[in-house]
Amino acid sequence: LVLIVTEVLTSQYTLLDQDYHDLDQAPQIYKQFLQKYNKESSSTRYEIFKENLRKINEYNEKSSQNSYGINHFTDLTFAEISECYLGFNGNFTSDNVIEYKPSGIQLPTEIDWRNQGYVTEVKNQLQCGSCFAFSAVGSIEGQYAKAHGTTAFSLSNQQAFDCSSAQNCKTGGIPHEVFQNLAGQGGSMREADYPYEGRKNQCRTDKSKIAVTVTGGSQLQVNDEYSLQDALANYGPLSISICVNDEVTKRRGSTIFTPTTSCPHNNHAVLLVGYGKEGESDFWIIKNSWGLNWAEQGYVRLIRGQRALNIGLYAALPTVA
Numbered sequence: 001l002v003l004i005v006t007e008v009l010t011s012q013y014t015l016l017d018q019d020y021h022d023l024d025q026a027p028q029i030y031k032q033f034l035q036k037y038n039k040e041s042s043s044t045r046y047e048i049f050k051e052n053l054r055k056i057n058e059y060n061e062k063s064s065q066n067s068y069g070i071n072h073f074t075d076l077t078f079a080e081i082s083e084c085y086l087g088f089n090g091n092f093t094s095d096n097v098i099e100y101k102p103s104g105i106q107l108p109t110e111i112d113w114r115n116q117g118y119v120t121e122v123k124n125q126l127q128c129g130s131c132f133a134f135s136a137v138g139s140i141e142g143q144y145a146k147a148h149g150t151t152a153f154s155l156s157n158q159q160a161f162d163c164s165s166a167q168n169c170k171t172g173g174i175p176h177e178v179f180q181n182l183a184g185q186g187g188s189m190r191e192a193d194y195p196y197e198g199r200k201n202q203c204r205t206d207k208s209k210i211a212v213t214v215t216g217g218s219q220l221q222v223n224d225e226y227s228l229q230d231a232l233a234n235y236g237p238l239s240i241s242i243c244v245n246d247e248v249t250k251r252r253g254s255t256i257f258t259p260t261t262s263c264p265h266n267n268h269a270v271l272l273v274g275y276g277k278e279g280e281s282d283f284w285i286i287k288n289s290w291g292l293n294w295a296e297q298g299y300v301r302l303i304r305g306q307r308a309l310n311i312g313l314y315a316a317l318p319t320v321a
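Mind the numbering: the sequence shown is residues 1 to 321 in full-length UniProt numbering, read in order.
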């Protein structure tokens, strides 16, 4: 019975999982999309969806090494995604910038901090520009687990967002400011005690329920990708920023992502959790906060050594007790 149900559920969405989408079948594809992602139909959304199918086809035809496909963003314009699903605001400056000096120690050929238990499950920031809070909290989770030799547990992204200077879901923020603000609150609460709401609210820290003491944090100035690699190897999961454009939002699959379109400025905060090599290609391992339907179950392996998506322009690290 379980096998039959699984086969039915899999076959129900066969039109969604294709490298090329026949636009003549757009109505049927859209119907499966609405069912899978529990969305409401509208003529406006359908036209946007159809245009995104065309773009997905175009991206897949342009690059044989990348893979693009339908996800929960496919009925949205990139302008809508930019407004509601990003949130890194580079206008926030830091008075505590540390220039990172590589350790000089020979680095491992690969690192994946997930294998050490320093990374919690992929989260979903929903329709709110709170990525900077998720990135910062992910780094705090990793730093605490690494420092104490434990398995990471989920901390409150909502607390990090509420207690930041962001006015709402559209103004954005920056990870190092989250570290400093949480230090002022005494630290970070557990996700279970302060669950995510997908909107900005009043800061409601309960100091009796602080799970991790945060003592501060700083922005790391890394001058090249090797320095970033060195910092990741020595410190553990890092908050970083990347540049997201339309191509990135349509990413899917497990191949190493080599962007084919330019990206002007960093607008999204994520968590850097590892690096490695496959064949002749070096890559980064990045944890996003868009849920499991994007890219590789919420992660992406990004080509390393090409400054892809402007990686390395921003990095930040918390201090925990």
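Every residue gets a Cβ at the ideal spot worked out from N, C-alpha and C, and that includes glycine.
Secondary structure at V212: strand, using DSSP grouped into helix, strand and coil.
By the criterion of a C-beta distance shorter than 7 Å, R252 is surrounded in its chain by S67, Y68, G69, N71, A295, once the five residues flanking it on both sides are discounted. Excluding the 5 residues flanking it on each side, G305 has same chain C-beta neighbours closer than 8 Å at E225, D282, in chain order. Judged by DSSP secondary structure, I81 falls outside any beta strand (DSSP E) and instead within the alpha helix (DSSP H) spanning 78–84. Where G274 is concerned, the enclosing beta strand (DSSP E) starts and stops at 268–278. Inclusion of S135 and A269 in the CB contact set at 7 Å is warranted, their separation being smaller than that value. It is roughly 29 Å from the alpha-carbon of L15 to the alpha-carbon of I285. Assigned with DSSP and collapsed to three states, R54 falls in helix. In this structure, DSSP gives R307 a state outside helix and strand, which the three-state scheme calls coil. Here Q221 is bridged, per DSSP, to E99.
V320 has V214 as its beta-bridge partners, per DSSP. Within the same chain, Cβ atoms closer than 7 Å to the Cβ of W113 are found at V119, G142, G236, P237, V273, G274, the five residues on either side in sequence being excluded. Residue K170 holds the alpha-carbon nearest to the alpha-carbon of Q125 among A315, K170, L182. Boundaries for S64: no alpha helix (DSSP H) harbours it, and the DSSP string shows neither H nor E there. S227 has its alpha-carbon roughly 11 Å from the corresponding atom of N234. Taking a cut-off of 8 Å on C-beta distances, the region 257–266 does not touch the region 96–103, as fewer than three cross pairs fall below it. Taking a contact to require three or more Cβ pairs closer than 8 Å, the region 179–195 and the region 242–259 do not qualify as touching.
For D246, the enclosing alpha helix (DSSP H) stretches over residues 246–249. Our two residues, C163 and D206, have alpha carbons roughly 12 Å apart in a direct line. Assignment of I240 by DSSP, reduced to helix, strand and coil, places it in the strand class. In the displayed model, N115 falls within a helix according to three-state DSSP. With at least 16 other beta carbons inside 10 angstroms of its own, S239 counts as buried.
Looking from the CA of M189, the closest CA among S165, P27, Y144, Q219 belongs to Y144.
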